[in-house]
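**Q**
Numbering (my numbering), first residue to last: 3 to 348.
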């Protein structure tokens, strides 16, 4: 019990220190990683391809990857995903629903939660055995006085998309953000704009301008964090092969946060990170996927298409030694493929 509490205390503390350095101090700052929890990605299909999905997004998950892709759905869709990281220390959950509206439009709602639950709070459990007023190696914890708190980040998306023509679609998100750290909290609002262009029959290009106006996160302590815009640019090509379809995809995340060392390449304050992926879908029955994501990890995935239900799985290993654990993601997508729910025709 004691080892478990101590281990969780140090692991949680380290993660929180990286995520929230400076949050409880006053002032305004541009946070390089202020919106990093939103950049994790959603959906077993996309994550199995390393997150190279801006040009491929054509289902309910498009509300996250590229809101323009929502205009391509023909029936209402619902999706759910659960993800555990670092030995179940961090829980990441996602859910979304989307509806076709009229002949050309769609709307969607998405919810993301990243949380660390049951973090030990030892502030009232310290015992100063030597009476020097300083907590040092000679002192101890009173485990009966340890309290627990949660840290959670929430993002809610409202998406709208419209098909302008058979080749060009566009969409936008209104994004509400809520962050909670113990007794402190923050709120913010941001906007995304996306487009998708079918250049030729087999080539599609996509763009998602996230936090296009810069997103302000205001803490109740007086601290204000600014999330800089990110341009997600990508392309995908479709090839018929062995009775199925193969789709290689390549994306770049272009940021303006002066990420000099934590990016694939940078020129001054502008940096870029690559996502690459490939999917082979056999006769809309089963799919195999592989990818390489922006943090230099290889990803694998698979999917099964059942009547009205898609089950997608993705796998990623965080480090070569396996000390940080592996991440297994499973997502479900339900499509109400019935005539009464179908998109209206012209």
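Yeah, the Cβ is synthetic: ideal placement off N, Cα and C, and Gly gets one too.
1. Does the Cβ-Cβ distance between residue 161 and residue 46 come in under 8 Å?
2. Measuring alpha carbon to alpha carbon, tell me which of 53, 111 and 179 ends up nearest residue 78.
3. Distance, Cα to Cα, residue 12 vs residue 123?
4. Can you name the start and end residues of the beta strand (DSSP E) that residue 190 belongs to?
5. Provide the residue(s) that pair with residue 159 in DSSP beta bridges, ordered along the chain.
6. Compute the beta-carbon to beta-carbon distance between residue 128 and residue 39, rounded to the nearest angstrom, for a pair I have assumed lies under 8 Å.
7. Residue 105 and residue 329 - do their beta-carbons sit closer together than 8 Å?
8. Can you tell me whether residue 163 is buried or exposed, with buried defined as 16 or more other CB within 10 angstroms of its CB?
9. Buried or exposed for residue 120, please, with buried defined as at least 16 other CB atoms from any protein chain shown within 10 angstroms of its CB.
10. Can you give me the Cβ contacts of residue 195 inside the same chain, cut-off strictly under 6 Å, excluding the 5 residues immediately before and after it?
11. DSSP state of residue 73, grouped into three classes?
12. Spatial neighbours of residue 231 within its chain, please: C-beta separation below 7 Å, excluding the five flanking residues on both sides.
13. With a CB to CB cut of under 7 Å and the five nearest residues on each side skipped, what residues in its chain are close to residue 103?
14. Under a three-way DSSP split, which group does residue 224 fall into?
15. Answer yes or no: do residue 236 and residue 57 have a C-beta to C-beta separation smaller than 8 Å?
**A** Once the coordinates are examined:
1. The sequence position of residue 161 within the chain shown is 159, counting from 1. The sequence position of residue 46 within the chain shown is 44, counting from 1. Not closer than 8 Å, so no.
2. Counted from its first residue, the chain shown places residue 78 at position 76. For residue 78, the nearest C-alpha among the options comes from 111.
3. If you number the chain shown from 1, residue 12 lands on position 10. If you number the chain shown from 1, residue 123 lands on position 121. Note that residue 12 scores a pLDDT of 36, beneath 50, so its modelled location is shaky; the value from the coordinates is reported in the next line. Straight-line measurement puts the Cα of residue 123 at about 11 Å from the Cα of residue 12.
4. For the purposes of this step, residue 190 is identified with residue 188 of the chain shown, where counting begins at 1. Per DSSP, residue 190 is one residue of the beta strand (DSSP E) stretching across 186-202.
5. The residue given as residue 159 occupies position 157 in the chain shown. In the DSSP output, where bridge partners are listed per residue, residue 159 has 112 and 177.
6. In the chain shown, residue 128 corresponds to position 126, counting from 1. In the chain shown, residue 39 corresponds to position 37, counting from 1. Actually they are not in contact, since the Cβ atoms of residue 128 and residue 39 sit about 31 Å apart, beyond 8 Å.
7. Against the chain shown, residue 329 aligns to sequence position 327. Against the chain shown, residue 105 aligns to sequence position 103. Cβ atoms of residue 329 and residue 105: not closer than 8 Å.
8. As a working note, residue 163 is residue 161 in the chain shown. Under this definition residue 163 is a buried residue.
9. The count along the chain shown starts at 1 and reaches residue 120 at position 118. So residue 120 counts as exposed.
10. On the chain shown, position 193 is the one that residue 195 refers to. The answer, listed in chain order, is 174, 211 and 214.
11. Stepping through the chain shown from its first residue, residue 73 is reached at position 71. Three-state DSSP puts residue 73 in a helix.
12. Indexing the chain shown from 1 puts residue 231 at position 229. Around residue 231: 211, 212, 213, 214, 216 and 258.
13. Here residue 103 refers to the residue found at position 101 when the chain shown is read from its first residue. Excluding positions up to five away in sequence, the list reads 109.
14. Within the chain shown, the letter at position 222 stands for residue 224. Coil at residue 224, not helix or strand.
15. Position 234 of the chain shown, counting from 1, holds the residue named residue 236. Position 55 of the chain shown, counting from 1, holds the residue named residue 57. Cβ atoms of residue 236 and residue 57: closer than 8 Å.
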